[in-house]
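Encoded as C-alpha cells, the structure appears first; notes follow it.
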Amino acid sequence: MADAVPDVDFLLALLNSTPVMDGAPTDDLADPGQARAWLASQGGQATEAELRQVVKARAGLQAVLRGTEPPDVLVPILQGVARVPVLAGGQISWHLKVAPERELALRAVLAWDALAKTSPGRLRPCANDECRLFLIDHSKAGTARWCSMAVCGNRMKARRHYERARTT
Ligand SMILES: [Zn+2]
258 MADAVPDVDF
268 LLALLNSTPV
278 MDGAPTDDLA
288 DPGQARAWLA
298 SQGGQATEAE
308 LRQVVKARAG
318 LQAVLRGTEP
328 PDVLVPILQG
338 VARVPVLAGG
348 QISWHLKVAP
358 ERELALRAVL
368 AWDALAKTSP
378 GRLRPCANDE
388 CRLFLIDHSK
398 AGTARWCSMA
408 VCGNRMKARR
418 HYERARTT
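The opening residue of the sequence shown carries number 258 in our numbering; numbering runs sequentially from there.
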C-alpha cells in the first residue's frame, strides 16, 4: 500500500454510510452487493474480509467522533502495520505493509488522524441529534454545525422557531 495522501473524501463517505432515512437508521453497507460495489469504487478489493474490516473501522471512528468510545478502540486496526522503504528507480518511497483486506480500514483511520492533526475538531457529528451524519467544517470561524444547511440546518431552525412560538 503506497503511503498516499490521506483520503478525506473516502473517510467522510464511510462515516456517512449509516444515514437516517425516514426516521430509521440505515446502513448502506448492509447489502453485500451494494457494499462490494462501493468498496471497489474506493479502490478496495471488494472481498467479505475487507468489508468486515471497513465496517469495524467505521463503527470505531463513529464512536470516537461521537465521544462514546476512547480513540483506543482503533488500536486493532493499526496492529501489525509496518512502514517499509522500497527502493525503485534509484529512489526510496515508503509503503505501508498490511494485509490487503485491511488497507481500506487503515486508510480511513489514517485519514481521521491526519485530519485531527491538521484541522483539530473540524470533523464532527451533525448537531441535529436525529441525524447520524458527520461533517467537516470548512468555515473560517469553525462554526459549521450541520451536515447540510439545506437539510438539517433548516430543520433545526424551523424546530427552534416552533419551540419559541409554542412557549411564548
Ligand atoms: Zn445532519
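C-beta: ideal position from N, C-alpha, C; glycine also. As the structure is a computational prediction, the values presented were derived from the model and not from experiment.
Buried or exposed: where does residue i fall if 16 or more other Cβ atoms within 10 Å of its Cβ makes it buried?
i: residue 281; result: exposed
i: residue 416; result: exposed
i: residue 420; result: exposed
i: residue 387; result: exposed
i: residue 307; result: buried
i: residue 341; result: exposed
i: residue 385; result: buried
i: residue 309; result: exposed
i: residue 311; result: buried
Please state whether DSSP places residue i in a helix, a strand or coil.
i: residue 319; result: helix
i: residue 344; result: strand
i: residue 305; result: helix
i: residue 326; result: coil
i: residue 403; result: coil
i: residue 270; result: helix
i: residue 376; result: coil
Can you pull the DSSP bridge partners for residue i?
i: residue 351; result: 342
i: residue 282; result: 277
i: residue 392; result: 381
Ligand 2 and residue i: does any heavy atom of the ligand fall closer than 7 Å to the residue's C-beta?
i: residue 376; result: Ligand 2 is not part of this structure, which contains only ligand 1.
When you get a sec, list the residues whose CB is within less than 7 Å of any heavy atom of ligand 1, chain order please. For ligand 1, the selected residues are 383, 385, 388, 390, 403, 404, 405, 408 and 409.
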